[in-house]
Amino acid sequence: MNVILTIAGSDPSGGAGIQADIKTITSIGGYAAAVITTITCQNSLGVSLVSPLEPALVQQQIISVLEDNDVSHIKIGMTGSSGIVRAIGECLEHFSGEIIVDPVLKSSSGASLLGGTPSDLAPLLQKATVLTPNSHELAILSGLDCSSEKKGVVAGKRLMHEFPNLHALCLKGGHLHESSAKIHDTLLVKRNGDIMEKSICHVRHQTRNSHGTGCTFASAFTAFHALHHDYAKAFTEAVQYVDDLLKWGKQDQLGAGTGPLVHYRQNRQGREV
Ligand code: PLP
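Residue numbers (numbering that gives the first Met the number 0): 0 to 272.
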C-alpha cells in the first residue's frame, strides 16, 4: 500500500489542518502519515495562537517517515515559518513522487498562517507537481489580478510556466464572487507542451460549516490521485467530495462559529453511508 504523507499545521478542533487531512485521506481509502509543522490554537470561532515547531524537528519527522515508508504522494499545507519551508525543501530534494502544495497563507477568519512572506514558498513551488490555490493565494503568488475566472487562468498558466515541475494547478473558485450562486473550479494540466483547461461549475451551498474546506480539497485530490494517477479524474472527484460534505453538513451544529466538515460520512467508494 502506498503511503500519503501530509505535512501541515495542527488544528486541535479537528476541522482544518492535519486533522482534516488525515480524515480525508482515510475516508477515501489511503494510508495517511502526518508531519506537524505548527501547533495552532483555534476553534470554529477563530485562531488564537500560532506556534511553529523548530525546523529541525519538522525535518526529523519527515526523515522518520520517508526512511521507512514507500511514500508516493506528499501533500503540504500550512508551513508556519520560512525556516520550516527551507527544512521541508531540503528533505524533499531526492523525492520523486507527487508533491501537492496547498499554499496556505491565512485562515478564513483572517489569521496569518504563513509566518513569513509569500516569496518564502518559492523552494516548495520549485518542487511541487500540483498547486491548489484559491484566487487570493494565486493573486499573491503570481503578482497578477485574479478577480475573475479568466484572469485566474492567465495567472495560473503564468505560474506553471515559471515553475516547470508544476504539472497541474487546481484553482478553487469558492472565494471568488462570494455572493454568486455558482462556483467555478478550474484545473490546468500540462500536456504535450500545452496547458489544457477543465472547469467545473457547481452550486454554492448556503452553510456556515465550511471550516477546513481548502485542506480537505487538497487532501482529497491527493488521495484520489494516489488511487488512479489521473489529474483530471482526481480533480473531478475532489470537487465532488467537498461539495458532498458541504451539502450533507448544512444542519450540523459543531461549534458556535464556522463549523467543520464531517468527513466520515463517505465510505471508501465515496458514497454516503
Ligand atoms: N488551520 C490550519 C492548521 C490550516 O492548515 C488551515 C488551512 O489550510 C486553516 C486553519 C484555515 O482553515 P479555514 O480557512 O477553513 O478556516
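Note that the Cβ used here is the ideal one computed from N, Cα and C, for glycine as well.
{"Check": "The ligand PLP and Thr212: does any heavy atom of the ligand fall closer than 7 Å to the residue's C-beta?", "Outcome": "yes"}
{"Check": "Just how far apart, CA to CA, sit Ser111 and Ala32?", "Outcome": "25 Å"}
{"Check": "With a 10 Å radius around its C-beta and 16 neighbouring C-beta atoms as the bar for buried, classify Val57 as buried or exposed.", "Outcome": "buried"}
{"Check": "Arg85 by DSSP, collapsed to three states: which one?", "Outcome": "helix"}
{"Check": "If I follow the unbroken alpha helix (DSSP H) through Ser141, where does it start and stop?", "Outcome": "134-141"}
{"Check": "Assuming Leu244 and Val261 form a contact by the criterion Cβ under 8 Å, report the distance between their Cβ atoms to the nearest whole angstrom.", "Outcome": "7 Å"}
{"Check": "Counting only the same chain and skipping the five closest in sequence on each side, list residues whose C-beta sits under 7 Å from that of Leu36.", "Outcome": "At residue 36 the sequence reads Thr, which differs from the Leu that was named. Excluding sequence neighbours, Thr36 sits near Ile6, Ala7, Gly8, Pro51, Leu52, Val57, Met77, Thr78, Gly79, Ile83."}
{"Check": "Check whether the region 253-260 touches the region 9-22, taking contact to mean three or more Cβ pairs, one atom from each stretch, closer than 8 Å.", "Outcome": "yes"}
{"Check": "What three-state label does DSSP hand Lys74 in the structure shown?", "Outcome": "strand"}
{"Check": "Using a 10 Å radius around the Cβ and a threshold of 16 neighbouring Cβ atoms, would you call Thr116 buried or exposed?", "Outcome": "exposed"}
{"Check": "Where do the N-terminal and C-terminal ends of the beta strand (DSSP E) with Met195 fall, by residue?", "Outcome": "193-202"}
{"Check": "Using DSSP bridges, identify the partner residues of Ser12.", "Outcome": "Note: Ser12 sits in no beta bridge, so no partner."}
{"Check": "Return yes when at least one heavy atom of the ligand PLP lies under 7 Å from the C-beta of Gly76, else no.", "Outcome": "yes"}
{"Check": "Quick check on Cys40: does DSSP put it in helix, strand or coil?", "Outcome": "strand"}
{"Check": "What's the call for Gly109, buried or exposed, on a 16-neighbour Cβ count within 10 Å?", "Outcome": "exposed"}
{"Check": "With a CB to CB cut of under 6 Å and the five nearest residues on each side skipped, what residues in its chain are close to Lys126?", "Outcome": "Leu91, Ile98"}
{"Check": "Should Thr39 be listed as close to the ligand PLP, given that the test is whether its C-beta is under 7 Å from any heavy atom?", "Outcome": "yes"}
{"Check": "Does any heavy atom of the ligand PLP sit closer than 7 Å to the C-beta of Asp101?", "Outcome": "yes"}
{"Check": "Below 6 Å CB to CB, which residues in the same chain sit around Arg267 once its five sequence neighbours on both sides are set aside?", "Outcome": "Any answer about Arg267 is weak, because its pLDDT of 45 lies below 50 and its placement is not dependable; what the coordinates show is given next. The answer, listed in chain order, is Gly28."}
{"Check": "Measure the beta-carbon distance from Val152 to His201 and round it to whole angstroms, keeping in mind my assumption that it falls under 8 Å.", "Outcome": "So it is not a contact: roughly 18 Å between Cβ atoms."}
{"Check": "Using 10 angstroms around the beta-carbon of Val272, count the other beta-carbons present and answer buried if the total reaches 16, otherwise exposed.", "Outcome": "In this prediction, Val272 has a pLDDT of 46, which is less than 50 and means its spatial position is unreliable; what the coordinates show is noted afterwards. The residue is exposed, with fewer than 16 neighbouring Cβ atoms inside 10 Å."}
{"Check": "Report yes if the C-beta of Asp10 is less than 7 Å from at least one heavy atom of the ligand ADP; otherwise report no.", "Outcome": "The ligand content of the structure shown is limited to the ligand PLP, which means the ligand ADP is not among them."}
{"Check": "Suppose you measure from the CA of Lys171 to the CA of Leu4; what does that come to, to the nearest Å?", "Outcome": "22 Å"}
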